[in-house]
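Q:
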Amino acid sequence: MATNQELKARALAAIDDRAQWLLDVSKTILANPEPGFHEYKTAAYVGAKLDELGIAHQDGIALTGIKGYLRGGRPGPTVAVIGELDSLRVPGHPHANPETGAAHACGHHCQIGMMLGVAVGLMAAGVQEELAGSVALMALPAEEFIDVEFRYGLHKEGKLGLMSGKQEFIRLGAFDDVDMAMMVHTSSTPEDGKFAVGGTSNGHVTKYVNFLGKAAHAGASPHLGVNALQAATVALTALNAQRETLRNEDIVRLHGIMTQGGAAVNSVPADVRYEGRVRGRTVEAIADASVKMDRCMRAGALAMGAQVNIVTLPGYMPMIN
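According to the numbering used here, the residues represented by the sequence shown are 1 to 321, in order.
1) Just to confirm, are Glu144 and Cys106 a CB contact at a threshold of 8 Å?
2) For the alpha helix (DSSP H) that Leu122 lies in, which residues bound it at each end?
3) Within the continuous beta strand (DSSP E) that includes Leu212, where are the two ends?
4) Report the three-state DSSP secondary structure of Thr3 (helix, strand or coil).
5) Any idea what DSSP makes of Thr186, helix, strand or coil?
6) Does the segment 187–196 come close enough to the segment 289–309 that 3 or more CB-CB pairs lie under 8 Å?
7) Can you tell me whether DSSP reads Ile146 as helix, strand or coil?
8) Determine the burial state of Asp179: buried for a count of at least 16 other Cβ atoms within 10 Å of its Cβ, exposed for fewer.
9) Does the segment 60–79 come close enough to the segment 153–172 to have 3 or more Cβ pairs within less than 8 Å?
10) Just confirm the distance between the C-beta atoms of Asn97 and Pro33, as a whole number of angstroms; I'd bet it's less than 8 Å.
11) Just the Cα atoms here: how many angstroms apart are Ala102 and Met1?
12) Which partner residues does Gln307 have in the DSSP bridge list?
13) Taking 6 Å as the limit between beta carbons, can you name the residues of its chain near Met183, skipping five residues before and five after?
14) Using C-beta distances below 7 Å, list every residue in its chain close to Gly261, excluding the 5 sequence neighbours before and after it, in chain order.
15) Among the residues of its own chain, which have a CB less than 6 Å from the CB of Phe175, if the five just before and after it don't count?
16) Using C-beta distances below 8 Å, list every residue in its chain close to Leu23, excluding the 5 sequence neighbours before and after it, in chain order.
17) Nearest to Met163 by CA position, among Gly300, Leu7 and Phe37, is which residue?
18) Is it buried or exposed, Arg279, if we count other Cβ atoms within 10 angstroms and call 16 or more buried?
19) Assuming the contact rule is C-beta atoms closer than 8 Å, Asp250 and Ala285 should be a hit. Round their C-beta distance to whole Å, please.
20) Tell me the DSSP bridge mates of Ala31?
21) Under DSSP, the alpha helix (DSSP H) around Gln167 begins and ends at which residues?
22) For the beta strand (DSSP E) containing Thr78, name the first residue and the last one.
23) Tell me the rounded alpha-carbon separation between His108 and Ala235.
24) Rounded to the nearest angstrom, what separates Ala299 and Gln242 at their Cα positions?
25) Please go through the same chain and pick out, in chain order, the residues whose beta-carbon is closer than 8 Å to the beta-carbon of Ser201, but skip the five residues on each side of it.
26) Using C-beta distances below 8 Å, list every residue in its chain close to Met304, excluding the 5 sequence neighbours before and after it, in chain order.
27) Starting from Val234, trace the beta strand (DSSP E) in both directions and tell me its first and last residue.
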């Protein structure tokens, strides 16, 4: 039986031998970014690479997710190694898709290379057979909590239960046999070539807010309309006024974008949509700020005589290491 150091040396040598292959995989994904739950081409590409390695896998989990296994020679726990498939939307990024604005600005293309690198190393001569347990290779969709209106539409159509890939994997039972999960994320700190362990991250909930007014001609008869955009403007002004009520130690962040501001410039906006995010260090802080955001949204609608529908979608729990 080989020692741990001997097995490690074999694994590292195998990874070094396939280094260019792994880099090419990551660079191909970098050049073909797809946002969450749109990663069909990316998933097909990753699946093809698993096939190339001879790793059986299940596809289409949570629409685009993948799960494969490396089985050890003896029974034991299952450790998941995760890579994320999705991109952000950053139109100004040097590698952005000019049509969709999608870009791997968060480094998920590197994660897939890392995940496959683990597979390459463990499949080196004599390594996998020495494992006590299994390694689950999991390529997950939709980590970035964006395009909420699109995802909420999938939810209403019955295609999604929850709004992110990890949430859906958990809901669907894809993590049920996993004893421990691990992944690596790129970062601009501490510096190139170094690794950091731990770190913290705020939790969040997401808001999908729809202000509904009444259309009228903006030049001839604006008095006959109810301006949903003004309702949203009043709501955001009220939200900004809440900042002095937030404790510094809770690290609360309230932010969002207007995804629809009206139909035409000569019509009083009757349908305005806002996608907001409530972040905080603790669940209690998130809950408190969430109530305040809802109150501001309702106040804006009330001030203008509009209606408002607020949907609060569960995001991620705070992570404190």
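From the three backbone atoms N, C-alpha and C, an ideal C-beta is built for every residue, glycine too.
A: Let me lay it out:
1) The answer is yes: Cβ separation under 8 Å.
2) His108 to Leu122
3) Gly203 to Leu212
4) coil
5) In the three-state reduction of the DSSP assignment, Thr186 falls in the coil class.
6) no
7) coil
8) exposed
9) yes
10) 6 Å
11) 48 Å
12) Leu212, per the DSSP bridge assignment.
13) Ile82
14) Leu229, Pro269 and Val272
15) Phe169
16) Gly113
17) Phe37
18) buried
19) Contact holds; Cβ gap of about 4 Å.
20) According to DSSP, which records beta bridges pairwise, Ala31 is partnered with nothing at all.
21) Gly165 to Arg171
22) Arg74 to Glu84
23) 35 Å
24) 13 Å
25) Tyr316, Pro318 and Met319
26) Its chain contains Gly213, Val226, Asn227, Ala228, Gln230, Ala231 and Val234 as the residues whose beta carbon lies nearer than 8 Å to that of Met304, once the 5 sequence neighbours on both sides are disregarded; these appear in chain order.
27) Taken as a continuous stretch (DSSP letters only), Val234 belongs to no beta strand (DSSP E), being part of the alpha helix (DSSP H) at Ala228 to Ala241.
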